[in-house]
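Novice: If you read the sequences in order, they're chains A and B.
Residues 1 to 387, numbered by this note's numbering, are exactly what the first sequence covers, in order.
Residues 1001 to 1387, numbered by this note's numbering, are exactly what the second sequence covers, in order.
2 protein chains.
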Amino acid sequence: MREISTLSQQLERLSNYVFIFVKEDGYMSYKNYPMVSRVVFGRGSFNQLEDILQSKRLNVKAPFIFLVDDVFKGNSWLTSRIPLAYHDKVLYISAEEEPKTSQVDELVEQIILGHKDHPSGIIGIGGGTILDLAKAVSIMLTNEGETRNYQGWDLVKNPAIYHVGIPTISGTGSEVSRTTVLTGPNKKLGINSDYTPFDQVILDPELTNGVPKNQWFYTGMDCYIHCIESLNGTYLNAFSKSYGEKAYDLCKAIFVDKKLSKKETQDELMMASWHGGMSIAYSQVGVAHAMSYGLSYLLGTKHGIGNCIVFDHLDEFYPEGVALFKKMKDIHNISLPKGICANLTDEDFDTMIDVALGLEPLWENAIGKNWKNIITRAKLKNLYQKM
Amino acid sequence: MREISTLSQQLERLSNYVFIFVKEDGYMSYKNYPMVSRVVFGRGSFNQLEDILQSKRLNVKAPFIFLVDDVFKGNSWLTSRIPLAYHDKVLYISAEEEPKTSQVDELVEQIILGHKDHPSGIIGIGGGTILDLAKAVSIMLTNEGETRNYQGWDLVKNPAIYHVGIPTISGTGSEVSRTTVLTGPNKKLGINSDYTPFDQVILDPELTNGVPKNQWFYTGMDCYIHCIESLNGTYLNAFSKSYGEKAYDLCKAIFVDKKLSKKETQDELMMASWHGGMSIAYSQVGVAHAMSYGLSYLLGTKHGIGNCIVFDHLDEFYPEGVALFKKMKDIHNISLPKGICANLTDEDFDTMIDVALGLEPLWENAIGKNWKNIITRAKLKNLYQKM
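1) Flag this pair as yes or no: are the beta carbons of residue 1248(B) and residue 1227(B) separated by less than 7 Å?
2) Which residues in the same chain as residue 1200(B) place their Cβ atom closer than 7 Å to its Cβ, once the five residues preceding and following it in sequence are excluded?
3) Does the contact criterion of 3 or more C-beta pairs under 8 Å hold for the stretch 1099-1109 of chain B versus the stretch 1144-1151 of chain B?
4) Determine whether the beta carbon atoms of residue 1205(B) and residue 1119(B) lie at a separation below 7 Å.
5) Chain B beta carbons: is any one of them nearer than 7 Å to that of residue 12(A)?
6) Does DSSP put residue 242(A) in a helix, a strand or coil?
7) Against residue 271(A), what residues of chain B qualify as contacts under a CB-to-CB distance less than 7 Å, listed in chain order?
8) What are the boundary residues of the beta strand (DSSP E) that includes residue 1079(B)?
9) Give, in chain order, every residue of the stretch 34-61 of chain A whose Cβ lies closer than 8 Å to some Cβ of chain E.
10) Could you list which residues in chain B have their beta carbon closer than 8 Å to that of residue 23(A), in chain order?
11) Counting only the same chain and skipping the five closest in sequence on each side, list residues whose C-beta sits under 7 Å from that of residue 143(A).
12) Assign residue 263(A) to one of three DSSP states: helix, strand, or coil.
13) Closest by CA to residue 1079(B), which one among 1057(B), 1050(B) and 1328(B)?
14) Anything in chain A within Cβ reach of residue 1195(B), meaning under 8 Å, just list it in chain order.
15) Measuring only between beta-carbons, confirm whether residue 1016(B) sits less than 7 Å from chain A.
16) With distance defined between alpha-carbon atoms, name the residue in 1215(B), 1188(B) and 1287(B) nearest to residue 1225(B).
17) Nearest chain B C-beta to residue 246(A) closer than 7 Å, yes or no?
18) For residue 1377(B), which residues in the same chain have their Cβ closer than 7 Å to its Cβ, ignoring the five residues on either side in sequence?
19) Work out the CA separation of residue 139(A) and residue 1368(B) for me, nearest whole Å.
20) Secondary structure at residue 1069(B), three-state DSSP: helix, strand or coil?
21) Could you check where the alpha helix (DSSP H) with residue 353(A) kicks off and where it finishes?
22) With 7 Å set as the bound, which would you pick, yes or no: does the beta-carbon of residue 19(A) sit closer than that to a beta-carbon of chain B?
23) In chain order, what are the residue ranges of uninterrupted alpha helix (DSSP H) at least 4 long that sit wholly in the stretch 318-344 of chain A?
24) Going by DSSP in three states, residue 128(A) sits in which element: helix, strand or coil?
25) Look at the alpha carbon of residue 1357(B) and the alpha carbon of residue 211(A), and state the distance between them as a whole number of angstroms.
26) Residues of chain A with CB closer than 7 Å to the CB of residue 1267(B), please, in chain order.
27) State the Cα-Cα distance for the pair residue 1207(B) and residue 1168(B), rounded to the nearest angstrom.
28) What residues of chain B sit near residue 278(A), judged by a beta carbon separation below 7 Å?
29) Pull up the distance between the alpha-carbon of residue 1290(B) and that of residue 1271(B), whole angstroms please.
30) Where residue 1338(B) and residue 1304(B) are concerned, what is the direct C-alpha to C-alpha distance, given to the nearest angstrom?
31) Does the pairing of the stretch 1273-1288 of chain B with the stretch 1171-1182 of chain B give three or more beta-carbon distances under 8 Å?
32) Along the chain, where does the alpha helix (DSSP H) containing residue 182(A) start, and where does it finish?
33) Please compile the residues from chain A whose C-beta is within a distance smaller than 7 Å of the C-beta of residue 1275(B).
34) Flag this pair as yes or no: are the beta carbons of residue 40(A) and residue 202(A) separated by less than 7 Å?
35) Could you please give the first and the last residue of the uninterrupted alpha helix (DSSP H) stretch that includes residue 203(A)?
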């Protein structure tokens, strides 16, 4: 919870927000969240991108930069609809690895050196990796120094340039969140700021047509785990709860009940991702995310599958959530990798534990204010050893 | 659905929106909805009003005008927390009757004559009646002529002045909608416009403490009926559906399952109203609202109870929704007035039917494009006669 003394300034500065107030020990404290202010939803709505960008072009020398998942390279169904003009540029980016602070620095340098003017905007087209890169690049184009210096909470000083998020896989919640999670030299941690959220989001379920099944499951589970962590967290409030419950119900309908058509499944999972993202925006994630950041930092494990690997062992913290997760794994014949920590050294474990324990708000949400009494290094090591 | 040709202009003009795109017969059509851009939620968050208004004061001569439900007159728990300064004014307003266009005209005249400068803002504190008046007054302070001329869709030319909505009863969805429903000399119809939604909403469930039980039920049912009409409408889309389903589930937990504490019930009903309002914002209401506008226009029936009286007879259109409604009535020992149309003349019925049939988008949503073949004057008369 941030200090209440700066409320008036914050209220004035932000044009779109939800503030959640909570009474604690007689005092009011609050959390504020900027909202994505412009959303377009619907099958085929990707075709509106040209209209949307039209009024946002600063001048003919200021290009739009499209960061596009390289799985779409050569896929003219999508790429032919990217509206290019003047000096606009498509940069294809691999999402094989989790996004890095150094990668953001390189992209920013490439964009600045390659164009006379600052871009009119950054458009991310892809999954959580591409969307997080788009958010980070748009921030770093207007903020000095290295990206690693902005990992944390509210360290960004200047508004980002105009940025648009277009998810092509559902579940990460990156389209709605106020963070962009990056692996830096010292830690895996998001740039959490009021300037992080997209100015515009296009939710076109058709774009998720080609997602491979395993990835569909892992990324969908990212949403499911968001709900479990939010709904079982100490930060929970009625606002967050209603979004989390809805996303949870949608996940159940999609991954357990399986009564929906393919199109309905795509539509509903995109909405689940949205609502799940809204839920954690107004509360916080928990144990699975904290520990999965450790895995990802050390081993480069992708976020979706990393969450699944961790969550599978968290029945102590989320008994019902984990039981239903195991059921969903069975229904969809998903077998998770095993023994990924088998050959790690004590130093490796220490590294992962350091990254995980650094995410204090996540632990406080999951366990409560006294979390340091409960979450010991030994306990985390024991859990990691099972994975 | 509005014409797609104006999309670029609309996209540029609105700073907060959701656009829902739908493919029909191979063509894309869309609906756009401005969003409430600033929301504060939490028990006791009404105390933040002073901070919120601080930066919005134009100058010391430009007052904030507080439209307050007169049930709060003398209730210092609430009134002492209304932050008055300079020439700010509280106008207590009765919500006994549905809001009228003439009432808006009078309020606007009173405000203009009573102050040298245009107000800094209008703050509505009350139920749907007060909130709708606050929205309408804020529009009419910047738009010429009489309020009646703006009843309809997208007739407002100039942005409204800054306006804040603070609900003290939950269910109407007025806090989130792009309409303000008014009874005019010729019709009961909303001012539907992009300028109608509040600039700021404060959702403080504590403010609903003193609501009498019957009114609590009727207004809660307004929300429930929003969900049924939205979820069973032809305008339904995945966006609207997810909000409608959530509000429906919350209504069931509140009015059927009854396992929540008093505080939880207040919190959850305020969220239900929000989600229910979001659902109809992205789709439309239906038969109950259309017919209840008729009742209200002729007999002055308040919106909440009017919806209930109508909905009780709509099992032909909403069989499951009406069955559950009857169950909720039983659980809460609610007995609705009967025979309110018993002594009406043929002319009276014609008047109600004219008002109801005038609401074309509601019928199209409820029945489909061919609704005129199904909804005859005789059918509506027959239904009204049962009430």
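Each residue gets a CB set at the ideal place from its N, CA and C atoms; glycine is no exception.
Specialist: Taking the definition as stated:
1) For this step, residue 1248(B) is matched to residue 248 along the second sequence. For this step, residue 1227(B) is matched to residue 227 along the second sequence. Cβ atoms of residue 1248(B) and residue 1227(B): closer than 7 Å.
2) Within the second sequence, the letter at position 200 stands for residue 1200(B). Contacts found: 1038, 1052 and 1164.
3) yes
4) Taking the first residue of the second sequence as position 1, residue 1205(B) is located at position 205. Taking the first residue of the second sequence as position 1, residue 1119(B) is located at position 119. No. Outside cutoff.
5) Translated into the one-based positions of the first sequence, residue 12(A) becomes position 12. It does: the Cβ of residue 12(A) has a partner Cβ on chain B nearer than 7 Å.
6) Working through the first sequence from its first residue, we reach residue 242(A) at position 242. Of the three classes helix, strand and coil, the one that applies to residue 242(A) here is helix, per DSSP.
7) Within the first sequence, residue 271(A) is the residue found at index 271, counting from 1. Here the neighbours are 1238, 1239 and 1242.
8) Translated into the one-based positions of the second sequence, residue 1079(B) becomes position 79. Unbroken run through residue 1079(B) is the alpha helix (DSSP H), 1076-1079; no beta strand (DSSP E).
9) No chain E appears in the structure shown, which is made up of the protein chains A and B.
10) Position 23 of the first sequence, counted from the start, is the residue given in the question as residue 23(A). The answer, in chain order, is 1042, 1043 and 1044.
11) Along the first sequence, one-based indexing puts residue 143(A) at 143. Cβ neighbours of residue 143(A) beyond the five flanking positions: 150, 156, 157 and 158.
12) Here residue 263(A) corresponds to residue number 263 of the first sequence, with the count starting at 1. Residue 263(A): helix per DSSP, three-state reduction.
13) Numbered from its first residue, the second sequence carries residue 1079(B) at position 79. The shortest Cα separation from residue 1079(B) among 1057(B), 1050(B) and 1328(B) belongs to 1050(B).
14) Within the second sequence, the letter at position 195 stands for residue 1195(B). Within chain A, no residue comes near residue 1195(B); the closest Cβ sits about 16 Å away, beyond 8 Å.
15) As a first step, residue 1016(B) must be located in the second sequence, where it is residue number 16. At least one chain A Cβ lies under 7 Å of residue 1016(B).
16) Residue mapping note: residue 1225(B) aligns to position 225 of the second sequence, counting from 1. Minimum Cα distance to residue 1225(B) is reached at 1287(B).
17) Counting from 1 along the first sequence, the entry for residue 246(A) is found at position 246. Yes, its Cβ sits closer than 7 Å to a Cβ of chain B.
18) Counted from its first residue, the second sequence places residue 1377(B) at position 377. Cβ within range, chain order: 1353.
19) Position 368 of the second sequence holds residue 1368(B). Position 139 of the first sequence holds residue 139(A). Taking the straight line from one Cα to the other gives about 46 Å.
20) Within the second sequence, the letter at position 69 stands for residue 1069(B). It is a strand residue.
21) Start at 1 with the first residue of the first sequence, and residue 353(A) comes out as number 353. Start and end: 346-357.
22) For the purposes of this step, residue 19(A) is identified with residue 19 of the first sequence, where counting begins at 1. So, interface residue.
23) 319-331
24) Your numbering for residue 128(A) matches position 128 in the first sequence. In this structure, residue 128(A) counts as helix in the three-state DSSP scheme.
25) Counting from 1 along the second sequence, the entry for residue 1357(B) is found at position 357. Counting from 1 along the first sequence, the entry for residue 211(A) is found at position 211. Their Cα atoms are separated by approximately 47 Å.
26) Taking the second sequence and counting its residues from 1, the one referred to as residue 1267(B) is at position 267. In chain order: 238.
27) Along the second sequence, one-based indexing puts residue 1207(B) at 207. Along the second sequence, one-based indexing puts residue 1168(B) at 168. Answer to the nearest angstrom: the Cα atoms are 5 Å apart.
28) Reading the first sequence from its first residue, position 278 is the one you call residue 278(A). None at all; the shortest Cβ gap to chain B is about 11 Å.
29) Walking along the second sequence from the start, residue 1290(B) turns up at place 290. Walking along the second sequence from the start, residue 1271(B) turns up at place 271. When rounded, the distance between both Cα atoms is 25 Å.
30) The count along the second sequence starts at 1 and reaches residue 1338(B) at position 338. The count along the second sequence starts at 1 and reaches residue 1304(B) at position 304. Distance between the alpha carbons of residue 1338(B) and residue 1304(B) is about 15 Å.
31) yes
32) Here residue 182(A) refers to the residue found at position 182 when the first sequence is read from its first residue. That residue, residue 182(A), is in no alpha helix (DSSP H); its beta strand (DSSP E) goes 181-183.
33) Locating residue 1275(B) in the second sequence gives position 275, counting from the first residue. The answer, in chain order, is 242.
34) Walking along the first sequence from the start, residue 40(A) turns up at place 40. Walking along the first sequence from the start, residue 202(A) turns up at place 202. Yes, these two residues count as a Cβ contact at 7 Å.
35) Locating residue 203(A) in the first sequence gives position 203, where the first residue counts as 1. Premise fails: residue 203(A) lies in the beta strand (DSSP E), 200-203, not in any alpha helix (DSSP H).
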